[in-house]
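Protein chains in written order, with the working numbering: chain A, 75 to 377; chain B, 75 to 377.
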């Protein structure tokens with residue numbers, strides 16, 4: 075969480091652990107306490123609160139639906155909790171849309187009419203900006219890039235379907251594929267960095283791939299190919315000027331951007347691929363926080 | 075071509091053959107002569123001309139680029155030709171975008187905020203309507219649904235890539251797959267309807283599939299599965315309220331709509347698939363003509 079000026083300049087930030095086993099009440103109390111601390115530390119008067127949260131959720135009522143990573147939070151009206159606690163309006167949005175809006179206001183998307191944002195993290199989410207504003211679709215669920223099908227009969231996905239981009243190229247997918255390979259006896263430098271295959275992460279796969287470990291390179295380049303195909307499909311549909319990539323897996327830097335750019339250049343329609351740039355989120359590690367802040371700004375503007 | 079009132083009511087229409095071997099000059103002369111005839115027959119005073127044409131083209135200047143099906147037409151400014159000839163403004167647009175606009179103004183998309191249009195014909199094209207207006211993307215090339223990848227290493231496509239929706243589910247693709255099967259000796263009722271495998275069309279495959287011909291059913295249902303996947307991906311990206319399908323292949327009716335609806339219901343995200351309807355173009359065989367007319371109306375309105 076953070077406190078920022080309307081310009082986007084951060085005055086204070088902090089991070090609080092909210093283990094699921096504590097349940098929503100204890101987590102919300104911990105968040106409120108930490109928020110009070112940074113507001114005090116910043117010396118600022120807060121005029122609105124923005125919340126970026128994994129969906130599905132109802133942005134207009136501020137209520138969470140059944141969010142996969144937040145068991146027990148269903149039905150909680152987060153905006154009510156925070157606006158009552160702090161006596162200012164609170165606004166809620168899907169984390170990927172919020173991140174896209176944050177990039178539009180304070181990041182790589184400033185001044186860009188049409189762009190898309192992909193978050194490549196535990197899962198793969200997306201946000202769409204059209205004419206500088208979030209495009210949400212008829213049910214506010216647009217941008218499910220992670221669940222576009224890349225391999226019709228591919229691996230099972232969390233969503234219940236198969237072959238989704240998320241099941242092939244998310245951090246979780248990269249780790250799962252490496253884990254399965256290691257459990258089947260594959261040789262890799264990754265073994266030296268972990269106690270058991272359970273410990274393998276996408277970050278370790280990226281690090282090993284950077285060291286030219288053949289096992290890791292194969293897994294990494296296949297995932298980058300699928301990620302590039304998923305982006306090429308969105309480029310062919312929306313003809314955006316910019317594709318912004320954020321989320322933990324993008325910390326791999328050129329190891330991710332170079333192959334992804336190549337796949338998009340090769341496989342999107344030429345007239346579209348030659349116009350699009352693929353860049354990292356300028357808000358970097360703060361992409362979620364700046365997204366939440368953009369949600370507050372958008373909420374105030376629409377009042 | 076046709077003459078219509080602003081309400082969309084057609085006063086006169088006609089069809090003129092423009093064989094490629096005549097070249098653009100003779101074709102344009104034939105179109106102009108036929109246009110004079112129907113204007114006279116309609117008794118109307120024409121105030122604008124709309125032209126829907128296969129792309130790529132430059133809508134703003136009215137100039138055709140290198141259109142695959144119109145050899146020799148590159149660089150021709152169609153709007154200049156027609157506005158000079160008839161002394162009224164002429165407007166040009168991509169045929170799929172025009173068809174989508176025609177459905178928005180006079181068809182199944184009336185009053186619908188966000189919808190997409192797929193034309194399933196020789197190729198597969200697309201148009202996107204957002205907030206009731208065409209969304210064209212940053213280079214006016216959005217909606218290339220036919221070139222989203224459905225099978226990463228699938229069959230070669232006209233665009234130079236592989237595994238595009240168009241290479242798997244267009245009329246040309248369905249005919250090609252059937253032809254290859256027949257040439258390899260497959261048994262099918264289609265053989266009774268043709269002199270040589272060269273004669274096979276998607277329409278014959280649909281007719282044989284409707285008669286439970288096992289060979290044709292297999293090809294048809296595979297194509298419908300891919301078409302459903304391509305639509306599911308666009309639904310996951312854009313969360314439209316409506317998907318309108320037009321073009322020659324959709325004349326198969328329920329044989330097409332039933333399996334496509336089932337695949338989209340199964341494979342798009344539930345929150346998105348439960349909200350979307352998949353319907354035939356209300357303008358039917360006139361989807362191109364009503365599209366051209368919508369282009370004229372849009373041009374006049376934007377003056």
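Heads up, the beta-carbon is just placed ideally off N, CA and C, and yes, glycines get one too.
Mind checking if residue i is an interface residue toward chain B, Cβ cutoff 8 Å exclusive?
| i | result |
| --- | --- |
| residue 235 of chain A | yes |
| residue 223 of chain A | yes |
| residue 168 of chain A | no |
| residue 251 of chain A | no |
Using a Cβ cut-off of 8 Å (strictly closer), state whether residue i contacts chain A.
| i | result |
| --- | --- |
| residue 343 of chain B | yes |
| residue 377 of chain B | no |
| residue 197 of chain B | no |
| residue 443 of chain B | There is no way to answer for residue 443 of chain B, as the model of chain B reaches only from 75 to 377. |
| residue 212 of chain B | yes |
| residue 105 of chain B | no |
| residue 306 of chain B | yes |
From residue i to residue j, what does the alpha carbon distance come to, in whole angstroms?
| i | j | result |
| --- | --- | --- |
| residue 262 of chain B | residue 240 of chain B | 24 Å |
| residue 301 of chain B | residue 214 of chain B | 24 Å |
| residue 310 of chain B | residue 115 of chain A | 42 Å |
| residue 363 of chain B | residue 334 of chain B | 26 Å |
| residue 183 of chain A | residue 126 of chain A | 18 Å |
| residue 349 of chain B | residue 231 of chain B | 32 Å |
| residue 221 of chain B | residue 130 of chain B | 14 Å |
| residue 128 of chain B | residue 295 of chain B | 28 Å |
| residue 256 of chain B | residue 87 of chain B | 39 Å |
| residue 185 of chain A | residue 178 of chain A | 7 Å |
| residue 212 of chain A | residue 365 of chain A | 22 Å |
| residue 260 of chain A | residue 285 of chain A | 16 Å |
| residue 361 of chain A | residue 343 of chain B | 25 Å |
| residue 159 of chain B | residue 374 of chain A | 54 Å |
| residue 163 of chain B | residue 356 of chain A | 45 Å |
| residue 111 of chain B | residue 80 of chain B | 20 Å |
| residue 89 of chain B | residue 219 of chain A | 42 Å |
| residue 117 of chain B | residue 167 of chain B | 26 Å |
Consult DSSP for residue i and reduce its assignment to one of helix, strand or coil.
| i | result |
| --- | --- |
| residue 83 of chain B | coil |
| residue 354 of chain B | strand |
| residue 131 of chain A | strand |
| residue 329 of chain B | helix |
| residue 89 of chain B | coil |
| residue 362 of chain B | helix |
| residue 215 of chain A | coil |
| residue 202 of chain B | strand |
| residue 286 of chain B | coil |
| residue 230 of chain B | strand |
| residue 140 of chain A | coil |
| residue 168 of chain B | strand |
| residue 324 of chain B | helix |
| residue 308 of chain A | helix |
| residue 112 of chain B | helix |
| residue 279 of chain A | helix |
| residue 100 of chain A | helix |
Name the chain A residues that come within less than 9 Å of residue i, Cβ to Cβ?
| i | result |
| --- | --- |
| residue 180 of chain B | Neighbours of residue 180 of chain B on chain A: none; closest Cβ ~21 Å, over 9 Å. |
| residue 315 of chain B | 211, 212 and 213 |
Taking Cβ-Cβ distances shorter than 8 Å, what residues in chain B pair up with residue i?
| i | result |
| --- | --- |
| residue 219 of chain A | 310 and 311 |
| residue 187 of chain A | 212 |
Interface residues of chain D around residue i at Cβ under 8 Å?
| i | result |
| --- | --- |
| residue 226 of chain A | Among the protein chains in the structure shown, which are A and B, there is no chain D. |
Starting from residue i, find everything on chain B with Cβ-Cβ shorter than 7 Å and list it in chain order.
| i | result |
| --- | --- |
| residue 349 of chain A | 212 and 213 |
Please list the partners that residue i has in chain A, where partner means a Cβ-to-Cβ separation under 7 Å.
| i | result |
| --- | --- |
| residue 346 of chain B | 213, 215 and 218 |
| residue 204 of chain B | 204 and 209 |
With respect to 7 Å, is the separation between the Cβ of residue i and the closest non-hydrogen atom of the ligand ATP below this value?
| i | result |
| --- | --- |
| residue 274 of chain B | The ligand content of the structure shown is nil, which means the ligand ATP is not present either. |
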